[in-house]
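Peer 1: The following block contains the structure, expressed as structure tokens.
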């Protein structure tokens, strides 16, 4: 598909996605990524080349399967809460799911990275959740 003067390739084939996502040769970001910089900063997602490679090398051990396996129960528990919350919205028309996903992410990150249950999904009006919103 052409987007202006640029060719954009879109795929939903899992084999193609895996080949693209695991390639170490194709790590330079396109110019469209610059549009995300004010929102996402200069982290791993928007880094390219040597900067991306060095940051990825630092983070890779953190996401090793042996480490992630420790948190499967947390992922399942917090995922079940998210599923129930989203289930309550069925039939209500268009819904902005970002706040639900954000609270889910907050719950998972706080409990897995800091060992602190935040319960953001169960208490969206908690002082901590409100502080992060602003």
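Numbering (our numbering), first residue to last: 235 to 368.
Backbone N, C-alpha and C fix where the C-beta goes; we use that ideal spot for every residue, glycine too.
Because the structure is a prediction, the values reported are computed rather than measured.
With 16 other CB atoms within 10 Å as the buried threshold, where does residue 341 fall?
Peer 2: Within the chain shown, numbered from 1, the residue matching residue 341 stands at position 107. It counts as buried.
Peer 1: Taking the straight line between their C-alpha atoms, what separation do you get for residue 285 and residue 323?
Peer 2: Mapped onto the chain shown, residue 285 falls at position 51. Mapped onto the chain shown, residue 323 falls at position 89. Answer to the nearest angstrom: the Cα atoms are 42 Å apart.
Peer 1: Please return the same chain residues whose Cβ sits closer than 6 Å to the Cβ of residue 278, not counting the five positions on each side in sequence.
Peer 2: Locating residue 278 in the chain shown gives position 44, where the first residue counts as 1. Same-chain partners within the cutoff: 289.
Peer 1: Ignore the nearest five residues each way along the sequence and tell me which others in residue 282's own chain have a CB closer than 6 Å to its CB.
Peer 2: The residue labelled residue 282 in the question sits at position 48 within the chain shown. If we look at residue 282 and ignore the five residues flanking it on each side, its Cβ neighbours are 262 and 263.
Peer 1: Nearest by alpha-carbon distance to residue 336: which of 360, 367, 242 and 296 is it?
Peer 2: Here residue 336 corresponds to residue number 102 of the chain shown, with the count starting at 1. Cα-wise, what sits closest to residue 336 is 367.
Peer 1: Can you list, in chain order, the residues of its chain whose CB lies under 6 Å from that of residue 329, leaving out five sequence neighbours each side?
Peer 2: The count along the chain shown starts at 1 and reaches residue 329 at position 95. The residues are 323.
Peer 1: Take residue 333 as the anchor and find which of 364, 298, 311 and 307 has the nearest alpha-carbon.
Peer 2: Working through the chain shown from its first residue, we reach residue 333 at position 99. Among 364, 298, 311 and 307, the Cα nearest to that of residue 333 is on 364.
Peer 1: Distance, Cα to Cα, residue 287 vs residue 258?
Peer 2: For the purposes of this step, residue 287 is identified with residue 53 of the chain shown, where counting begins at 1. For the purposes of this step, residue 258 is identified with residue 24 of the chain shown, where counting begins at 1. Taking the straight line from one Cα to the other gives about 9 Å.
Peer 1: For residue 280, does the three-state DSSP call read helix, strand or coil?
Peer 2: Here residue 280 refers to the residue found at position 46 of the chain shown. In this structure, residue 280 counts as coil in the three-state DSSP scheme.
Peer 1: DSSP has residue 286 in a bridge; who is on the other side?
Peer 2: Within the chain shown, residue 286 is the residue found at index 52, counting from 1. Per DSSP, none; premise fails for residue 286.
Peer 1: According to the neighbour-count rule (16 or more other Cβ atoms, all chains shown, within 10 Å of its Cβ), is residue 268 buried or exposed?
Peer 2: For the purposes of this step, residue 268 is taken as residue 34 along the chain shown, with counting starting at 1. Answer is exposed; the Cβ neighbour count stays below 16.
Peer 1: In this structure, what does DSSP give as the bridge partners for residue 237?
Peer 2: Residue 237 sits at position 3 when you count from the first residue of the chain shown. Residue 237 is bridged to 240.
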